[in-house]
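Just so you know, we're using numbering that gives the first Met the number 0 here: the sequence shown kicks off at 0 and counts up by one.
Where a beta carbon is used, it is the ideal one built from N, C-alpha and C, also for glycine.
To start, the structure under review is shown below, and the notes come after it.
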Amino acid sequence: MGNLNEDLKRLLSDVAEVMRLAYEKGLINVLGGNASVRWGNGFWITPSQVPKYRLRAEDFIYVDLNEGPKPGNESKEPSIEWRMHREVYAALSDVNAILHTHNPYTIALYSMGLSVKPTEFVEAFPFRGCVSVVPKLPAGSLELANAVTEALVKCRVAVLLGHGVVVAANNIFKALDLAESLENMARIELLRNMMKRF
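In structure tokens:
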């Protein structure tokens with residue numbers, strides 16, 4: 000991949016830190032989830048099949064918006080969802096970071112046909128009452144990439160049914176904040192529904 004300049008290394012280290020935090024918060028498992036940051040005419044994305052709690056800046060893979068993944072890190076492949084990240088960046092010029100997590104409470108809530116009610120929660124202010132929902136589609140497919148992009152054009156947070164959450168933001172820490180806030184709201188909503196049974 001060559002030498003990274005200091006600004007890029009710092010940026011990718013932030014993404015690695017966010018993935019470690021997402022793992023510690025239970026938003027992803029060891030190999031699950033992915034994240035990226037915009038850079039030049041493309042983006043840097045997390046690799047596939049590398050433990051997300053111990054990523055290094057050197058592990059990331061560059062994807063050109065026009066040409067796709069660029070060679071340079073021969074031992075690693077980009078996340079299977081790189082097409083999704085590419086389509087989102089191409090469509091949304093204000094997005095500089097994308098985070099895809101596997102929020103367990105959020106997945107459970109939406110699989111029951113329920114949803115969060117952002118207007119009822121103080122910490123949901125950044126959502127502006129808006130969470131998109133994407134139907135079940137094959138992971139890594141262009142079909143999923145297009146559906147997620149369409150969803151994120153409407154709302155910067157999308158729930159992928161039976162799959163997880165995708166957040167598009169202006170920086171990677173903001174993306175993590177939104178993913179965690181959604182998970183907290185989903186947990187509360189599930190508890191509410193459980194209490195109704197007693």
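- For Y61, the enclosing beta strand (DSSP E) stretches over residues I60 to D63.
- Taking 9 angstroms as the cut-off, the Cβ atoms of V165 and I106 do not count as close.
- For R55, the closest alpha carbon among the candidates K8, V156 and E149 is that of K8.
- 9 angstroms or more divides the Cβ of K51 from the Cβ of L64.
- Excluding the 5 residues flanking it on each side, P137 has same chain C-beta neighbours closer than 8 angstroms at L143, in chain order.
- Rounded to whole angstroms, the gap between the alpha carbons of E182 and I27 is 12 angstroms.
- For the region 162-197, the full-length alpha helix (DSSP H) segments reaching 4 residues or more read 171-194 along the chain.
- Per DSSP, the continuous beta strand (DSSP E) segment holding A96 begins and ends at A96 to T100.
- Under the DSSP assignment, S78 falls outside any beta strand (DSSP E); it carries neither an H nor an E label.
- Nearest neighbour of P103 by Cα position, chosen from V87, V158, V133 and D93, turns out to be V158.
- When L20, D13 and V49 are compared, the shortest CA-CA separation from V36 is found for D13.
- Boundaries around V147 are those of the alpha helix (DSSP H), L141 to K153, since no beta strand (DSSP E) includes it.
- Of the residues assessed, S74 falls on the exposed side of the cut-off, its CB having fewer than 16 other CB atoms within 10 angstroms.
- In the DSSP secondary-structure assignment, S92 is not bridged to any residue.
- Around the C-beta of S78, 16 or more other C-beta atoms lie within 10 Å, and the residue is accordingly described as buried.
- In the three-state scheme derived from DSSP, where H, G and I count as helix and E and B as strand, S110 is classed as helix.
- Excluding the 5 residues flanking it on each side, V115 has same chain C-beta neighbours closer than 6 angstroms at M184, A185 and E188, in chain order.
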